[in-house]
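Structure record follows, encoded as structure tokens.
Numbering (our numbering), first residue to last: 95 to 164.
Written as structure tokens, this is what we have:
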């Protein structure tokens, strides 16, 4: 079995099987459901998520700045 890297970092658990015979309309319905779910979560946790994203992405370094960068 091929190990797929998950954004969550999870490496074990239950497999999620998707029927390979879905129609394009069924696949689109799932995509729309996921988009709606993301929008609802963002609407509720927007400020907390922005803060957390900033914490994860900003590198904190104490750098002396005697000269401007340009």
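We treat Cβ as the ideally placed atom computed from N, Cα and C, and that holds for glycine.
Of all alpha-carbon atoms in 118, 100, 117, 119, the one lying nearest the alpha-carbon of residue 110 is that of 100. About 12 Å separates the beta carbons of residue 136 and residue 128, which is beyond the 8 Å limit, so they are not a contact pair.
Spatial neighbours of residue 160 in its own chain (CB-CB distance under 8 Å, excluding positions within 5 residues in sequence) are not present.
Annotation: residue 100 is outside any alpha helix (DSSP H) and is labelled neither H nor E by DSSP.
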